[in-house]
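Residue numbers (the numbering used here): 32 to 280.
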C-alpha cells in the first residue's frame, strides 16, 4: 500500500473509533488496529496492507514503522494528537508517542466514512472485521490485548522479539455460536402459544409474504413478556454453525 494510503488508513481508524463513541485512541490501541488490518487482509487476500515487519513485543504485535506513520499522520494533519503526562516505561520500544491520545475533529457522515473505508480497505471482510473490533474494544486496553493474543493466529506460539507470520491465513468456514439455555417452562409456553395461533387460523389461511398480522404480534408480545433465558432450569441448549462469518470472537 502506498504511503498516503496508510496515512488514510490511520485516519479511517481514528474516525471509526470516534463514530463508535470513543474520544480517541492511545498509541497501543492504534498500533494494534493497524496490526489487525494487516492480519485480516492476510486472511482475505493472502497479503498484508503494509509491508511492515511485525514483531511480538512486550504488549503484543509491534512494528517500528507503525509509530513512524502515526507521527507522520499527525504532522500532516490526518489526525490530531493530545499530549498526556505519564511515566516512561523501561520496556517501551518507542519514546515519542507513549502518552499521546490520537483523535480527530472531522465531522464525516456515515456515507463519507464508508467511502473512505472502501478506499483504504477494499476487501469487505477485512473492513467489516476491523470496524467491528474498533467498535467493540475502542480504547479498552485489556480486552483488545486479550483478543490479539488469543484470537489471531500470527501470535500463536511466538516469543518476545519473534517476527510474526502472516502466511497461510484464511477465514474459517463456520463459527460455532453457543445458544444460551431456555427454561423448560418458557419453552413449553412458547410452544403452546404457537400451537394456539396455528389452531385459530382457518385452513385456507396463508399469511402474506413479508407481512405480520395481529395474531403474530400478540404471540410475540406474550413471548417478550418474560425473559426466556434461564439460569435455574435446563432447557433448549445447542450450537449454531454459521458459515463464512468474518467476526470470530
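Note that beta-carbon positions come from the ideal geometry of N, C-alpha and C, so glycine has one too.
| field | Within 7 Å, strictly: CB atoms of residue 37 and residue 100 | value | yes
| field | Under 7 Å between C-beta atoms of residue 131 and residue 114 | value | yes
| query | Sorted by chain position, which residues of the same chain lie with C-beta nearer than 6 Å to residue 104's C-beta, five sequence neighbours on each side aside? | reply | 38, 41, 110
| field | Bridge-paired residues (DSSP) for residue 92 | value | 87
| field | Burial state of residue 120, where buried means 16 or more other Cβ atoms lie within 10 Å | value | Only weak support is given to the placement of residue 120: the predicted model assigns it a pLDDT of 48, under 50, and the value that follows is read from those uncertain coordinates. It counts as exposed.
| query | Is it buried or exposed for residue 142, if we count other Cβ within 10 angstroms and need 16 for buried? | reply | exposed
| task | For residue 158, I'd like the list of residues in its chain whose CB is within less than 6 Å of its CB, leaving aside the five on either flank, ordered along the chain. | result | 148, 152
| When the Cα of residue 87 is compared with those of 195, 219, 221, 225, which residue comes out closest? | 195
| residue 47 classed as buried or exposed, judged by whether at least 16 other C-beta atoms fall within 10 angstroms | buried
| query | Who pairs with residue 178 in a beta bridge, going by DSSP? | reply | Bridge partners of residue 178: none, in fact.
| said: In this structure, how does DSSP classify residue 38 when only helix, strand and coil are distinguished? | reply: helix
| query | If we ignore side chains and look at the alpha-carbon of each, how far apart do residue 106 and residue 170 end up? | reply | Distance between the alpha carbons of residue 106 and residue 170: 22 Å.
| request: Determine the DSSP secondary structure at residue 77, reduced to helix, strand or coil. | output: Residue 77: coil per DSSP, three-state reduction.
| task | Please name the residue or residues paired with residue 190 in a DSSP beta bridge. | result | None, per the DSSP bridge assignment.
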